[in-house]
Amino acid sequence: MKYRPIDLAAVTTYPLAERKNKVSVARDFAAGITAGMSVAELLGALPAQLGAEALNGVIDAVVAARDKGKPVILAMGAHVIKCGLQPVLRNLIEAGMITAVALNGAGSIHDYEISLIGATSEDVGAVLHCGTFGMAEETGRDINRALQEGVTRGMGYGEAVGRFIVENDNPFREQSLLATCVTHDIPVTVHVALGTDIIHQHPAADGAVIGEATFRDFRLLTSVVAELGDGGVYLNVGSAVLLPEVFLKALSIAQNLGHHVDGFSTANFDMQQHYRPLQNVVKRPTSGTGRGYTITGHHEIMIPLLAAGILDRAAAGR
């Protein structure tokens with residue numbers, strides 16, 4: 019059978035005014051950007067859609083959580099530390115806007131090295147094949163010692179390393195997120211898998227001590243997660259696998275023990291969105307009456323913008 023082009027003469031149409039539109043000038047367009055705008059003016063000028071709407075939503079959720087006295091948990095991967103964002107995060111902690119911090123093992127290592135020498139992050143490719151990758155003496159020696167001493171004193175991983183930094187007066191302790199949490203008396207937890215961190219290569223490493231320290235922190239984080247219901251906020255920044263998995267298990271335990279953990283907000287900040295953060299942070303935990311946000315962008319841009327918005331909006335409400 020030979021086909022011919024279809025005749026469009028009988029196609030029906032309707033007036034454009036009758037159509038429902040997803041974008042409108044009145045509702046969704048950005049305002050003008052001018053020199054000298056305040057943080058509030060800039061955030062208010064963003065278009066009310068997609069990532070801009072999500073960012074403003076997260077800012078509102080954090081400020082509302084603190085107004086209600088609910089937890090705001092910041093869980094973050096090591097890249098956030100390497101981006102030099104500790105001063106920004108310290109501002110949020112000092113303002114009472116971040117009430118708990120969770121790190122992976124690499125995050126604690128980079129934070130410790132910064133506290134000790136004001137620098138971190140070796141060139142792995144340049145040293146891997148000569149057998150010296152991860153073999154810096156002070157890093158492995160000090161953190162393993164901190165864990166040994168901390169576990170003996172009843173501490174978890176995060177507090178043990180943070181207090182070691184403070185008590186030994188490391189030269190750059192003011193730049194340490196772990197030390198900041200300890201001095202401001204907020205929970206700081208570190209969650210590790212044995213064999214993933216360079217300190218596990220050190221002769222002083224003790225698997226039993228590392229395991230006990232991080233297991234205490236898992237239970238401590240679960241206590242904070244149990245209080246998220248009815249207005250708390252959980253932020254996952256730059257952890258694609260480990261911390262989203264830890265959060266999901268902590269939430270499951272809290273629910274199992276009878277805590278009401280619903281009606282809270284979550285957000286995943288990363289340079290690209292991955293399966294586990296989307297499922298275990300943004301979607302599954304908030305599938306009841308909560309709200310999950312995804313914000314894609316570089317940490318060194320998005321986290322200062324987030325912090326500026328939180329601090330400005332919180333100040334405006336007081």
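Numbers given in the numbering used here equal positions in the sequence shown, counted from 1, plus 18. Note that CB positions come from ideal geometry on N, CA and C, so glycine has one too.
- About 6 Å separates the CB atoms of T117 and I204; that is less than 8 Å, so the two are in contact.
- Shown here, H317 sits in a helix according to DSSP, grouped into three states.
- Only buried fits T198, as 16 or more other CB atoms lie within 10 angstroms of its CB.
- A direct Cα-to-Cα measurement between G172 and Q219 gives close to 24 Å.
- When the beta-carbon positions are compared, A124 and H209 stay at least 8 Å from each other.
- Here D288 carries a strand assignment [DSSP, helix/strand/coil].
- For the options L196, R159, D78, P189, the alpha carbon positioned closest to that of D129 is the one of L196.
- L296 has its alpha-carbon roughly 28 Å from the corresponding atom of G174.
- When the alpha-carbon of R302 is set against those of K267, G335, I135, the nearest one is in K267.
- Runs of the alpha helix (DSSP H) lying entirely within the stretch 194-250 and spanning at least 4 residues, in chain order: 195-201, 225-243.
- Nearest to K86 by alpha-carbon distance, out of E245, P221, S56, is E245.
- Membership of I161 in the alpha helix (DSSP H) is indicated by the continuous run 155-170.
- It is roughly 41 Å from the alpha-carbon of T240 to the alpha-carbon of M55.
- Under the 10 Å beta carbon count, T307 is surrounded by fewer than 16 other beta carbons and is classified as exposed.
- For A144, the enclosing alpha helix (DSSP H) has its first and last residue at 142-145.
- For L121, the enclosing beta strand (DSSP E) starts and ends at 118-122.
- For L64, the three-state secondary structure derived from DSSP is coil.
- T138 counts as buried, since no fewer than 16 other beta carbons sit within 10 angstroms of its beta carbon.
- When DSSP assignments are scanned along the stretch 83-113, the uninterrupted stretches of beta strand (DSSP E) that are 3 or more residues long and fall wholly within it turn out to be 90-94.
- Annotated three-state conformation of Y252 is strand, per DSSP.
- L68 places its beta carbon 8 Å or farther from that of L253.
- Residue I228 holds the alpha-carbon nearest to the alpha-carbon of G213 among H292, I77, I228.
- Shown here for H277: same chain residues with a beta carbon closer than 6 Å to its own, the five before and five after excluded, namely A244 in chain order.
- Secondary-structure assignment with DSSP links T312 through a beta bridge to N286.
- Inter-segment contact for the stretch 161-168 and the stretch 221-235 is present: three or more beta-carbon pairs are separated by less than 8 Å.
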